[in-house]
Every structure is written in structure tokens, then in C-alpha cells.
Amino acid sequence: MMEYIDISILNPAEYNPRLLTNEAQEDLKKSIKELGIIKPIIIRQSDKRIMAGHQRTKTMKLLGYTHVPAFILDGVNSTDEVRFNQLHNYAECELSEIQPEINVSLPKGTEGFYTVSNKDISILSKGGNNSRVVDLTKMILRYGQFANAVCDHTGKVIISTVYAKTVKLLGMDLLVYVLPEGKEEIALKYFSKEYGVFEYSHLERKTYIQSFAQKARLRQKNGVPSKRSHSTLYETQVIPYITKDMRILDFGAGQKDYATILKKKGYLIDAIEFFHRKDGADIIDEKEIRQDCASICKTLSDYGLYDVVVCDSVLNSVNSEEDEKNVLLSLSALCKPGGMIFWSGIPLLFAQKSSERKETHDHRSKAVFLDAKNFTANFRFGEWYFQHYHSTADIIRLNTAYIGKDFNIFDKGMKISPEKELRGSSFQVASTNGRSASKNDYLKALQYEFTLPLPNNRKWDLDKEIIPIFKTL
1 MMEYIDISIL
11 NPAEYNPRLL
21 TNEAQEDLKK
31 SIKELGIIKP
41 IIIRQSDKRI
51 MAGHQRTKTM
61 KLLGYTHVPA
71 FILDGVNSTD
81 EVRFNQLHNY
91 AECELSEIQP
101 EINVSLPKGT
111 EGFYTVSNKD
121 ISILSKGGNN
131 SRVVDLTKMI
141 LRYGQFANAV
151 CDHTGKVIIS
161 TVYAKTVKLL
171 GMDLLVYVLP
181 EGKEEIALKY
191 FSKEYGVFEY
201 SHLERKTYIQ
211 SFAQKARLRQ
221 KNGVPSKRSH
231 STLYETQVIP
241 YITKDMRILD
251 FGAGQKDYAT
261 ILKKKGYLID
271 AIEFFHRKDG
281 ADIIDEKEIR
291 QDCASICKTL
301 SDYGLYDVVV
311 CDSVLNSVNS
321 EEDEKNVLLS
331 LSALCKPGGM
341 IFWSGIPLLF
351 AQKSSERKET
361 HDHRSKAVFL
371 DAKNFTANFR
381 FGEWYFQHYH
391 STADIIRLNT
401 AYIGKDFNIF
411 DKGMKISPEK
421 ELRGSSFQVA
431 STNGRSASKN
441 DYLKALQYEF
451 TLPLPNNRKW
461 DLDKEIIPIF
471 KTL
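Under full-length UniProt numbering, the first residue of the sequence shown is numbered 1, with each subsequent residue one higher.
Next up, the structure:
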């Protein structure tokens with residue numbers, strides 16, 4: 001239920017991941033002056049915290065508004081608070097040619113906010129974005145309605161069509177804002193603009209939270225091996241290449257499934273995952289990780305740098321460009337000159353297409369909200385969790401800068417040309433190690449990786465073990 005609330009009692013949320021440029025601020029001012037307030041904000045009942053609509057509220061204050069239309073929600077958990085903020089920016093502002101076509105029946109002369117009964121909502125075309133419908137449905141069922149649609153004087157919904165579709169499918173009535181005749185083009189002009197972009201640099205990052213991205217490999221489901229748990233990087237690139245006389249390192253090995261199997265088969269493979277969790281628990285297995293570091297140090301001391309270094313699905317789980325740089329430099333540092341480095345990740349185009357796909361049979365959200373550097377952030381278990389996606393150009397730039405110029409890129413195991421954009425669900429890189437960085441750069445990267453933060457304001461001190469040995473190589 002929408003109601004008007006005193007703007008002076010509202011409190012902003014610290015987590016707002018959307019920033020506004022001065023130009024965008026001026027555009028937002030103009031839109032409010034010309035159209036009025038056609039989209040309510042979302043606030044939390046308990047403390048009147050703004051969950052979505054921060055920029056609109058700020059602009060209304062600048063324009064002298066004393067009251068603001070708002071959806072007031074109760075009992076919202078911290079994770080969903082942030083999700084509301086992200087969904088709000090999609091449900092209320094995104095326009096696209098793949099949006100559904102929705103019409104509502106209106107009494108003649110209706111303007112402003114009006115509640116349309118479910119029977120008077122018509123879906124003329126379904127459009128796409130079913131993953132958004134999944135998200136919206138979950139939030140509406142849990143907390144009640146939190147947005148409205150905007151339509152022209154004939155009843156054609158022109159803004160928030162996916163939200164309108166979701167409400168229709170749920171059998172609920174829909175709040176719309178009916179524009180005066182002739183205001184449609186102005187509304188579309190302003191709502192097609194980007195009022196700020198997602199910007200996550202100000203959010204707190206706890207690297208160990210990224211361990212939630214670890215994939216369980218080679219696991220069985222109902223006693224049958226699952227193909228989905230297999231690593232394309234290992235199956236198509238690493239295993240066909242390695243021999244039992246090569247020294248191999250799996251860096252960022254997750255649950256170490258492939259390393260464990262290969263070691264049992266007689267391969268000389270070490271593995272380390274700085275946030276390896278005990279089986280069946282979300283507890284970091286510090287004892288085992290120290291043992292893994294000791295094994296790496298022994299290999300380096302006895303045999304020198306590795307012949308092969310593998311980094312599977314790590315680069316899509318870094319939480320900053322600095323993390324990314326240090327991972328790639330560490331791969332090169334630990335691999336001998338001319339050795340092979342294999343790494344993988346998730347293509348940018350796949351993430352974008354997954355977010356907008358027409359069909360989904362998954363109850364989980366597939367929506368992503370990318371910043372300018374192709375990071376996305378989700379709030380899990382009270383913490384921010386990041387994912388990073390890469391284009392072909394990104395891969396070429398990164399591998400050339402930190403590993404070497406001699407490499408091939410694969411799209412789900414199929415080699416592609418450097419001019420082709422990745423379209424599959426994963427990419428793989430097989431690179432000869434050029435090892436062109438300075439010794440000092442390698443030392444800085446290893447120092448960074450082997451002193452990553454742990455829970456309770458602690459840090460790994462594994463650098464004390466590996467750095468002295470590396471300096472001698």
C-alpha cells in the first residue's frame with residue numbers, strides 16, 4: 001500500500017550502490033519538475049530507512065518537497081534490503097525492446113495514481129526477462145507490493161512493464177500512475193536515461209566471503225556422476241596436456257576435487273585454496289591450508305618452479321581489479337618460463353544474456369547488476385559477495401599484461417579467434433608463461449595472495465613460508 005510520508009524523517013542507507021553524476025542529477029530534477037512524482041520510493045517501517053529511491057528523495061528535498069509517496073515494508077531482512085535497491089533500479093527504470101506489452105483499462109479522464117483490478121490488466125505480449133519475474137515474484141510474495149507502473153492516458157503501460165506482468169500473473173491489483181495526455185514522450189525520454197550507474201567501489205570487501213563461489217567438482221547426484229560438476233578447463237585443456245612427470249599447481253583450487261583425483265592417479269600435483277572449507281561446513285580449514293602451503297614450498301625448494309599452473313573459475317570470483325592482477329601475476333610467478341598456465345572464467349556476454357533470457361526453470365535469481373568494470377555484487381549472509389565477468393578483449397589485455405603474449409582462448413572448450421566475442425557459459429585460456437614481470441612485481445603479488453584476510457580481523461601469514469624460498473629461485 002502506498003502512502004505519503006514526511007520526507008524529513010527518512011534515513012538513507014549506507015549500502016546504496018548507485019551513484020549520480022551532476023548531469024544526471026540535473027536531468028532527474030527536470031523530470032520531477034515536468035512530470036511530478038510518478039514513482040514512489042521504498043522505505044523500511046522500523047526505522048524509516050530508504051531501501052530504494054535514494055536519489056529521487058535527495059532531489060525532492062532539493063526541490064522543496066515535504067512529503068514523498070512511499071511503499072512502507074515491514075520485517076525486511078538485510079539481504080533483501082539490498083536486493084530491493086537493485087530490483088528497484090530495474091523494475092522502475094529499465095526500458096527495452098524485449099519488455100512485455102501490457103494494457104490496463106482506465107475510466108475516462110483518469111490521471112495520477114490509480115489502482116487497476118487484476119481483471120483489467122491485459123498481457124498482449126509476454127516479452128522476455130523471466131529471471132526478473134522470478135526475483136520480483138519472490139519479493140512481492142514475501143513483503144507485498146513495492147512498486148507501480150506508469151501508463152499513458154489510453155492505458156498502455158510504458159514504464160515498469162515487467163513489474164506489471166508479474167503482478168498480473170500473481171493475480172493482484174496493480175497501482176499505476178496515469179500520465180496526462182501528451183506527456184508520454186517526456187516520460188520515456190527521462191526514464192530511458194541512466195540516473196546513475198552501479199558503483200561498488202565504496203562497499204566493504206571481505207575476500208574470504210568469495211569462498212561461497214567455490215564449485216563442488218566431480219560430485220555425484222543420487223549416486224550418478226553429474227556432468228555439470230565437471231570442469232571444462234580441466235577436461236578440455238589441462239588433462240589432455242599434462243603428463244605424470246610434470247610438476248603441477250592448482251592455484252585457487254576450491255574444494256580440490258580435481259587435484260585429489262589426479263594425485264590418486266599418480267600425477268605430481270599440489271593445490272592450494274586460501275579459503276578451503278571443511279566438507280559439509282562453512283569453516284575455513286586452516287590446518288589443511290597450512291599443509292598445502294608447506295607442500296608448495298617443498299616442491300619449489302626441491303624442484304624449482306612448476307611446469308603447469310591451473311587457476312579454474314577463480315578470476316570470476318575476485319572482488320577487485322587489484323585482486324585480479326595479483327592472482328594472474330602469482331600464476332606467472334610460480335610457473336617456470338615457457339611453462340603452461342591454464343585459467344578460466346565466465347564470459348561477460350553470457351552473464352548479460354542469462355540476466356535477460358526468455359525462459360528460466362530455475363527458482364533462483366539469474367539477474368545481474370553490472371558496474372562499469374563488469375563487477376556485480378550480491379548481499380549474502382550479511383556480507384557483500386562479488387562476481388567479475390570478462391569479454392574477449394578483457395582476456396587478451398589481462399593475459400598479455402600479466403602472463404604472456406602466446407596464448408589461445410576457448411569458448412566452452414572450442415578455440416576462438418581474438419576477434420570473436422565469447423558466447424558460452426565459460427571460457428578457458430591456455431597460455432605459455434612469458435614471465436616478463438619484474439621479480440619485485442612477483443614478490444608483491446605473492447605477498448598479497450599469501451596474506452589474504454581471514455575472519456575476525458586476522459590475516460594469513462603464509463608469506464613467511466613461501467617468500468624466502470621464492471627469492472632464491
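Beta carbons: idealized from backbone N, C-alpha and C, even for Gly.
What you are looking at is a predicted structure, and each value in this text was computed from that prediction instead of being measured.
* residue 340 - DSSP class collapsed to helix/strand/coil -> strand
* Asked: Would residue 29 pass as a contact of residue 62 if the rule is Cβ separation under 8 angstroms?
  -> yes
* **Buried versus exposed call for residue 234 [16 or more other C-beta atoms within 10 Å across all chains shown]** => buried
* Asked: CA-CA distance, residue 45 and residue 466?
  -> 52 angstroms
* Asked: Tell me which same chain residues have a C-beta within less than 8 angstroms of the C-beta of residue 35, skipping the five on either side of it?
  -> 179, 183, 186, 187 and 190
* To do: With a 10 Å radius around its C-beta and 16 neighbouring C-beta atoms as the bar for buried, classify residue 399 as buried or exposed.
  => buried
* Assigned exposure category for residue 168 - 16 Cβ within 10 Å defines buried -> buried
* Asked: Cα separation between residue 2 and residue 71?
  -> 5 angstroms
* With respect to the beta strand (DSSP E) encompassing residue 408, which residues constitute its N-terminal and C-terminal limits? -> 407-411
* Going by DSSP, which residues form a beta bridge with residue 387? -> 376
* To do: Buried or exposed for residue 52, please, with buried defined as at least 16 other CB atoms from any protein chain shown within 10 angstroms of its CB.
  => buried
* Out of 143, 164 and 140, point me to the one whose CA is closest to residue 117's CA. => 164
* Asked: What does residue 5 pair with, by DSSP beta-bridge criteria?
  -> 68
* Asked: Hey, which unbroken runs of the beta strand (DSSP E) at 3 residues or more fall wholly within the stretch 106-177?
  -> 112-116, 121-125, 149-151 and 157-159
* **Simplified DSSP state of residue 225, which is helix, strand or coil** => In this predicted model, residue 225 has a pLDDT of only 46, less than 50, meaning its place in the structure is not dependable enough to derive any value.
* Do you know whose CA, among 146, 10, 278 and 343, lies nearest residue 49's CA? -> 10
* Asked: Just to confirm, are residue 402 and residue 372 a CB contact at a threshold of 8 angstroms?
  -> no
* Asked: Buried or exposed: which applies to residue 283, given that a residue is buried once 16 or more other Cβ atoms fall within 10 Å of its Cβ?
  -> exposed
* Asked: Taking one C-beta from the stretch 328-338 and one from the stretch 410-429 each time, how about it: are there three or more such pairs within less than 8 angstroms?
  -> no
* Asked: Considering only the beta carbon of each residue, do residue 422 and residue 473 sit closer than 8 angstroms?
  -> no
* Asked: How is residue 363 classed by DSSP in three states: helix, strand or coil?
  -> Only weak support is given to the placement of residue 363: the predicted model assigns it a pLDDT of 34, under 50, and the question is left unresolved by the model.
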